[in-house]
Amino acid sequence: TAYEISLGLVGSEMCIRDRNKKDKSLKHLAIIMDGNGRWALNKELPRTSGHAEGEHSLSRTIDWAISNKINWLTVYAFSTENWLRSSDEVDYLMFFNRDILIRRRDEFNDKGVKFRFLGNLGDEKIPDENKFLMKETEEITKNNSNLNLVFAFNYGSHNEIHSAIMNLHNSNIEKILSIEEITDSFYSYFQYPDIPYPDLLLRTAGEERISNFLLYQLAYTENQDMESFCENIMFANMTMICSKMLEHVCT
Numbered sequence: 356t357a358y359e360i361s362l363g364l365v366g367s368e369m370c371i372r373d374r375n376k377k378d379k380s381l382k383h384l385a386i387i388m389d390g391n392g393r394w395a396l397n398k399e400l401p402r403t404s405g406h407a408e409g410e411h412s413l414s415r416t417i418d419w420a421i422s423n424k425i426n427w428l429t430v431y432a433f434s435t436e437n438w439l440r441s442s443d444e445v446d447y448l449m450f451f452n453r454d455i456l457i458r459r460r461d462e463f464n465d466k467g468v469k470f471r472f473l474g475n476l477g478d479e480k481i482p483d484e485n486k487f488l489m490k491e492t493e494e495i496t497k498n499n500s501n502l503n504l505v506f507a508f509n510y511g512s513h514n515e516i517h518s519a520i521m522n523l524h525n526s527n528i529e530k531i532l533s534i535e536e537i538t539d540s541f542y543s544y545f546q547y548p549d550i551p552y553p554d555l556l557l558r559t560a561g562e563e564r565i566s567n568f569l570l571y572q573l574a575y576t577e578n579q580d581m582e583s584f585c586e587n588i589m590f591a592n593m594t595m596i597c598s599k600m601l602e603h604v605c606t
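As structure tokens, then:
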């Protein structure tokens, strides 16, 4: 969905404070892609037009991440709450996500992008074609190393945490665990425990909610909200964001 990030303004030299308050470069960027429907309505277009516009920004962001040696890019593509939208919009979003894979997967694969799909992918509401394409794409790109691109699809952090608790319980059903043992091992029961915690979270359209996104993983993440709708954000907007972030986290 639509957003733009300025090439060269944020990148491998940007300092982000990790959970131990040690400065490090930006390795994992998470983005909540917001405002597409409102952008379209403001232009008297169907809400779906806003989602379609996002493909171009997604492609540019992938190129930017590769150029700036960002190891991980996680985008909130479809939340568990999105099922509550109109059936027409949900149907379009299902089509939109599989259409991108059909048309552009080979291009991203050639660029060295490794795809991951994070969420409840076995949900019966997801069309079978989507499930097949996601699984196939993960397999095709599994050996790529230029960028780990994580699509949070049919994702809700509450569900993710609940599933991890269930996995922990089922794996230790005859044990009494200490709080230290749970703390040290809990993340290993998540769907993808090898995904590092994000260094920076961006959300467009001026909203400040986390919206059930990576609640456990964002505990020590720097957050920045963008006032503009996704489609209206220009490269120059990132100058202010970078400056503000650097004031907070680089010494």
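In the working numbering, the protein residues as written are 356 to 606.
C-beta atoms are modelled at their ideal positions from N, C-alpha and C, and glycine is treated no differently.
query	result
Closest by CA to His383, which one among Ile537, Trp438, Leu502 and Glu491?	Leu502
Under 7 Å Cβ to Cβ from Gly410, same chain only, skipping five residues before and after it: list those, please.	Checking the displayed sequence, the identity of residue 410 turns out to be Glu instead of Gly. Hits under 7 Å: Ile455.
Is it buried or exposed for Asp478, if we count other Cβ within 10 angstroms and need 16 for buried?	exposed
Considering only residues of the stretch 415-494, which uninterrupted beta strand (DSSP E) runs meet the minimum length of 3 residues and lie entirely inside it, listed in chain order?	427-434 and 468-473
My assumption, with CB atoms under 8 Å, is that Ile457 sits in contact with Leu488. Please give the rounded CB distance.	7 Å
Let me check understanding here. Comparing Cα to Cα, which of Phe450, Val468 and Ala432 lies closest to Ile421?	Val468
Can the beta-carbon of Ile386 be found closer than 7 Å to that of Val445?	no
Got a sec? Which residues, its chain only, sit under 6 Å from Tyr552 by beta carbon, not counting five neighbours each side?	Gln572
Rounded to a whole number of angstroms, what is the C-alpha to C-alpha distance between Asn499 and Leu523?	30 Å
Give a yes or no on whether the C-beta atoms belonging to Ala574 and Phe508 are separated by under 7 Å.	no
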